[in-house]
Amino acid sequence: MTRVLLTGFEPFDGDDLNPSWEVALALDGERLGNALVQSQQLPCVFGSAREVLWQTLASGSFDVLLSLGLAGNRPDLTVERIAINVDDARIPDNAGQQPVDVPVVAGGPAAYWASLPIKRMVAAVRAAGVPASVSQTAGTFVCNHVFYAGAHWQATRQPGLRVGFMHLPLLLSQAVGKPGFTGMALDTQVLAVRAALAAALEEGEDIHSTGGAVS
Ligand code: PCA
0 MTRVLLTGFE PFDGDDLNPS WEVALALDGE RLGNALVQSQ QLPCVFGSAR EVLWQTLASG
60 SFDVLLSLGL AGNRPDLTVE RIAINVDDAR IPDNAGQQPV DVPVVAGGPA AYWASLPIKR
120 MVAAVRAAGV PASVSQTAGT FVCNHVFYAG AHWQATRQPG LRVGFMHLPL LLSQAVGKPG
180 FTGMALDTQV LAVRAALAAA LEEGEDIHST GGAVS
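FYI, numbering that gives the first Met the number 0 numbers position 212 of the sequence shown as 211, with every residue one higher than the one before it.
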């Protein structure tokens, strides 16, 4: 059996829900082929999010880690390419911390690539009829922090683990009253993440479709 750890975040920045946790909760306990999904909520707090993630990874023998987070300014689902070793918070986290130019892991490498097949995942979400793209940056807030922490765990503790991160758009209800913002129904986000996970669990190399950005 393949064991998948799926993480989502508690609400932050004044919101009362976070689609990343709503989606993770909806998929908790689900079987995908011979894989079993276990979901875990993470605090939107620098340091604690990393510690809860590492404790969860230490407590189970997971094969795949997919972390989810909200990117409220993006219209589609985005599969992240790279995690960078910096915390630089534009807004305070849920504990009021606002680190600036602090490493996620002191002495760690500048960056880690995702080790899930990001382009196959994007293609699978699109094939399910949902907009998705590759993202070249997970930002410098708690999402990137968790993505880097997961990849660092893999690099230093569990080389067989495969690690990835997806940002999700707002839920429809969150976009109401915010002109110019796009929301996506929870059911649609759930089926899209399920499709991405199924693609991530397939054997074989990533595909080589274009996923770049000009700027
Ligand atoms: N999104 C934030 C942190 C938690 C979340 O869901 C981010 O993109 O960093």
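Even for Gly, the Cβ is constructed at its ideal location relative to N, Cα and C.
Is residue i helix, strand or coil by DSSP?
i	result
Ile-90	coil
Arg-193	helix
Phe-8	strand
Val-141	helix
Since residue i and residue j are thought to touch, with beta carbons under 8 Å apart, how far apart are those beta carbons, to the nearest angstrom?
i	j	result
Arg-2	Gln-37	7 Å
Thr-6	Ser-47	Not quite, the Cβ-Cβ distance comes to about 13 Å (not below 8 Å), so this is no contact.
Val-129	Leu-52	Wrong, their Cβ atoms sit about 26 Å apart, outside the cutoff.
Ala-191	Val-124	5 Å
Who are residue i's beta bridge partners in DSSP?
i	result
Arg-161	Val-63
Trp-112	Ile-81
Met-183	Leu-170
Gly-106	Per DSSP, none; premise fails for Gly-106.
Consider the C-beta atom of residue i and the heavy atoms of the ligand PCA; say whether any pair is separated by less than 7 Å.
i	result
Asn-17	yes
Val-85	no
Phe-61	no
Ala-70	yes
Ser-93	It should be pointed out that residue 93 corresponds to Asn in this sequence rather than to Ser. Checking the Cβ of Asn-93 against the ligand PCA gives no.
Phe-45	no
Phe-11	yes
Val-103	no
Exercise. Are at least three pairs of beta-carbons, each pair with one atom in the region 173 to 182 and one in the region 78 to 90, less than 8 Å apart?
Worked result: no
Exercise. Is the number of C-beta pairs between the region 135 to 154 and the region 71 to 86 that are closer than 8 Å three or more?
Worked result: yes
Exercise. Okay, do the region 179 to 196 and the region 93 to 110 touch, 3+ Cβ pairs below 8 Å being the bar?
Worked result: no
Exercise. For the 8 Å Cβ check, are there 3 or more pairs between the region 103 to 114 and the region 187 to 198?
Worked result: no
Exercise. Is it a yes or a no for the region 55 to 63 touching the region 154 to 167, going by three-plus beta-carbon pairs under 8 Å?
Worked result: yes
Problem set entry | Cβ pair count under 8 Å reaching 3, the region 135 to 147 against the region 4 to 20 | yes
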